[in-house]
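In the working numbering, the protein residues as written are 2 to 259. Here a beta-carbon is modelled for each residue, glycine too, at the ideal position from N, C-alpha and C. This one's a predicted model, so the numbers in the text were calculated from it and none came from an experiment.
Listed below in structure tokens is the structure:
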């Protein structure tokens, strides 16, 4: 039995390593969101998520990368049409020609309101009657029943540029914003540099969500998974998580809301 398992693992590794050379000659096209720091930052071609992907591919000898930045909806379309090789944001819908990797990391989407509003929000149903501003394609990324309750909101909109969400909340233009916790903290720090921020409350009403990478090539996905495991074992993964902007996520909600 042990010999059989060893043989199967050897075959998977051989297949993956045989795939790598074709991507050393032609650039691997990766699609990422342009407005998702600290996970993806267009101006530096970096961020936590991108650095994990780069390191995993590099461990497999794949370094020729072409990173394109676009909206979540366009990323979905481009991957299905085979115009890109890897998508870093893709809704949790089943598609026959799309293969997802092991989780790169986990996102924690949250609802955030101003403390002065004194809202009690313990579930998505408590958003009823409120004006909500979410990130683009949130209804496809956030788990049910979020999508089904948007019709009971006073208003519901989505934006591509999530920096606007913080601005709208602090100016009282919306009751609640919905976005990933690290993304909010990143833009909050930026907002503080030019404007006074108001006390706020974080409502953790959504589940922690794994964020894999998505491929239209199964063999490339397997190659990537091997590379991801390799950088986790070597400690390189932990270094990326620790050094790429996660100091925001380490701060407690109590300290941040003061």
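Handout entry: Element boundaries [beta strand (DSSP E), containing residue 67]
Key = Taken as a continuous stretch (DSSP letters only), the beta strand (DSSP E) holding residue 67 covers 66-70.
Exercise for the section: Kindly provide the ranges of any alpha helix (DSSP H) runs that are 4 or more residues long and lie completely inside the region 99-184, ordered along the chain. Expected result: Complete alpha helix (DSSP H) runs here, min 4: 139-142, 147-150 and 164-171.
Handout entry: Span of the beta strand (DSSP E), counted from its first residue to its last, around residue 207
Key = Unbroken run through residue 207: none, as it is neither H nor E.
Exercise for the section: Decide yes or no for the touch test of the region 49-63 against the region 225-239: beta carbon pairs closer than 8 Å, at least 3 of them. Expected result: The region 49-63 and the region 225-239 touch, with no fewer than 3 CB-CB distances between them shorter than 8 Å.
Practice task
State buried or exposed for residue 124, treating a residue as buried only when at least 16 other CB atoms are found within 10 Å of its CB.
Solution key: By the neighbour-count rule (16 or more Cβ atoms within 10 Å), residue 124 is not buried but exposed.
Practice task
Pull up the DSSP beta-bridge partners for residue 186, would you.
Solution key: DSSP lists no bridge partner for residue 186.
Practice task
Could you tell me the distance, in whole angstroms, from the CA atom of residue 67 to the CA atom of residue 162?
Solution key: Within the model, the alpha-carbon separation for residue 67 versus residue 162 is close to 22 Å.
Handout entry: Proximity to residue 209 [Cα-Cα], best of 153, 218, 30 and 181
Key = For residue 209, the nearest C-alpha among the options comes from 181.
Exercise for the section: Determine the direct distance from the alpha carbon of residue 192 to that of residue 198, and round the result to whole angstroms. Expected result: The alpha-carbon of residue 198 is positioned some 7 Å away from that of residue 192.
Exercise for the section: Classify residue 38 as buried or exposed, calling it buried when 16 or more other Cβ atoms lie within 10 Å of its own Cβ. Expected result: Answer is buried; the Cβ neighbour count reaches 16.
Handout entry: Contact under 8 Å by Cβ, residue 53 with residue 29
Key = Not a contact, by the Cβ cut-off of 8 Å.
Handout entry: Identity of the residue in 34, 206, 48 and 50 nearest residue 177 by Cα
Key = Closest in C-alpha terms to residue 177, from the list 34, 206, 48 and 50, comes 206.
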